[in-house]
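For reference, the structure is listed below as structure tokens.
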Amino acid sequence: MHEIGVRETVQFAGLTFNWETLVMTWITMAIVIAIGFLASRSLKLVPTGAQNVVEILIVWLREQVHNNLGTRGDFLTPLIVTLFLFLVISNWLGLVPQMASPTNDLNTTLGLALLMVLIVHVLGIYMKGMHYIQHFFKPVAPFVVINAIEEVAKPITLSFRLFGNIMAGEILIIILLKLVPIWMPIPSVVWLAFSIFIGGVQAFIFTSLSLAYLANAVKESED
Amino acid sequence: MIDINATLVAQMLNFLILVVVLRLVAYKPIVKMLKEREERIAGSIEKADADMAEAEAVLKDYKAQLASARVKAQDIMDKAEKRAQDEHSAKIQETHSEIKQMKEAAQQQIQRERSQAVEQLKSQMVVLSMAAAQKIVSKNMDAAENEALIGEFIDQLDKDKIGDLPC
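Protein sequence lines correspond, in order, to chains A and B. One point on numbering: in numbering that gives the first Met the number 0, the residue at position 3 of the first sequence is 2, and numbering is uninterrupted. One point on numbering: in numbering that gives the first Met the number 0, the residue at position 95 of the second sequence is 94, and numbering is uninterrupted.
Structure representation (structure tokens):
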């Protein structure tokens, strides 16, 4: 077991990469794609097995997108579905012995959060044009300062929330295993179960907040 | 623990790749299938509605046909009964009149035969009486007086006896 907080790095083209995070991300991607492949391998009108699970997920997230973004946001559903699946698998991967969550690295969470915020702003300007920029100066021009702070806070809160939850969960698993003797597995098991729950909840929170931010940019304004 | 490096950009790219791949592998086919299913269910419901309406129409038709058939049957039965009744009474009437006719004919014949018999008897009586009177009186009476006497006698006989003749 590696030491907490110390990351193995590799140098490539003069850039530093966290090797473990990258590997775990690729494993997560492989799992997500495998699930998608299994679910859609033999699609039937009357669903069974894996198709059922992924279908429920897609239908549910599609509804969320629809409620938040309206029909104009339908093209973003694949992004949201992928985000949720990726985060759930990432969060749960760290609970498997010898594995780590890609989301226990701030690089992952901040990267995703920045990507989301970037998509929000690009879509906002693309779909609403000047109107989108104007809304930062509402209700009066000086509010631009507060709005700017909010916009900066968005990716930071989004990324640190997820990172903190998953990192803390994994640290506590290691600590519990060291503190409690092996014949007394109940605390670890309880914490594992709780971590599974937290992993799902955090993935959902990240996805929902991303949706809410996207709604700001995509949904037709009512004023 | 919190060291931001090039991994951040790599993760962004990783995620974007995942979005593209998952969209191709799973999202598109599943959504297509969902749409197909929706259409199929809508079609099934529509068809079920149409079938039900048709079934109801057929049932209504059958009921109407059954009712009219029943009315027709009743009508036919009524007619048949009426005809039978009419025939029956007509026959009775006919029989009655036939009996009456036969009775009348019989009475007429009786009357005719009776008067014939009376006539016969009368003429025979005259002859017999003449013979009897000739034998008894034998003389002194002219023929005219005799005949008057005998005629009177026969007339009396007629009144008293012939009317009671059994016939």
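Where a beta carbon is used, it is the ideal one built from N, C-alpha and C, also for glycine.
Taking a beta-carbon distance threshold of 8 angstroms, B/Ile3 counts as an interface residue toward chain A. For chain A, the residues of the stretch 36-58 of chain B that bring a beta carbon within less than 8 angstroms of one of its beta carbons are Arg36, Arg39, in chain order. At least one CB atom of chain B sits nearer than 8 angstroms to the CB of A/Gly110.
Under the three-state reduction of DSSP, A/Gln10 is assigned to strand. In this structure A/Phe196 is exposed. Its beta-carbon is surrounded by fewer than 16 other beta-carbon atoms within 10 angstroms. Taking 8 angstroms as the cut-off, the Cβ atoms of A/Asn103 and B/Ile3 do not count as close. When the Cα atoms are used, B/Arg36 and A/Thr24 turn out to be separated by approximately 34 angstroms. The C-beta distance from A/Gln201 to A/Ile165 rounds to 7 angstroms, short enough to fall under 8 angstroms.
In this structure, the CA atom of B/Val117 is about 58 angstroms from the CA atom of B/Lys78.
A buried status is given to A/Arg6, since no fewer than 16 other beta-carbon atoms sit within 10 Å of its beta-carbon. Within the DSSP secondary-structure output, A/Asn17 pairs in a beta bridge with A/Thr8.
Distance from the CA of B/Lys34 to the CA of B/Phe14, rounded to the nearest whole angstrom, comes to 27 angstroms. Comparing alpha carbon positions, the residue from A/Leu86, A/Leu208, A/Leu109 closest to A/Phe159 is A/Leu109. Rounded to the nearest whole angstrom, the C-alpha separation of B/Ile91 and B/Lys102 is 16 angstroms. With the rule of 3 Cβ pairs closer than 8 angstroms, the stretch 52-62 of chain A does not count as touching the stretch 130-142 of chain A. By the C-beta density criterion, B/Gln10 is buried, having at least 16 other C-beta atoms within 10 angstroms. Around B/Arg22, the beta-carbon contacts reaching into chain A at under 8 angstroms are Pro77, Thr81. Relative to the Cα of B/Ala132, the nearest Cα in the group B/Gln119, B/Gln106, B/Gln123, B/Ile149 belongs to B/Ile149. Taking 8 angstroms as the CB threshold, A/Asn106 lines the interface with chain B. Just so you know, the alpha carbons of B/Ala63 and B/Arg39 end up roughly 36 angstroms apart. In this structure, the beta-carbon distance from A/Thr206 to A/Phe74 does not fall below 8 angstroms.
Contact between A/Leu171 and A/Trp190 holds: CB atoms are separated by about 6 angstroms, below the 8 angstroms threshold.
If only complete runs of 4 or more residues are kept, the stretch 4-64 of chain B shows the alpha helix (DSSP H) at 6-21, in order along the chain. Note that the C-beta distance between A/Gly123 and A/Ala192 is not below 8 angstroms. A direct Cα-to-Cα measurement between A/Leu21 and A/Pro154 gives close to 21 angstroms.
For B/Met51, the number of other beta carbons within 10 angstroms of its own is below 16, and it is reported as exposed.
Less than 8 angstroms separates the beta-carbon of A/Asn17 from that of A/Thr8. By the criterion of a C-beta distance shorter than 6 angstroms, A/Phe162 is surrounded in its chain by Leu105, Thr108, once the five residues flanking it on both sides are discounted.
Contacts between A/Glu54 and chain B, judged by CB atoms closer than 9 angstroms, involve Ile29, Met32, Leu33 in chain order. Taking C-beta separations shorter than 8 angstroms and ignoring five residues to either side along the sequence, the partners of A/Leu92 in its chain run Met23, Ile26, Thr27, Ile30, Met98, Ala99, Ser100, Pro101, following chain order.
Listed along chain A are Phe16, Leu21, each with a C-beta nearer than 7 angstroms to that of B/Ala9.
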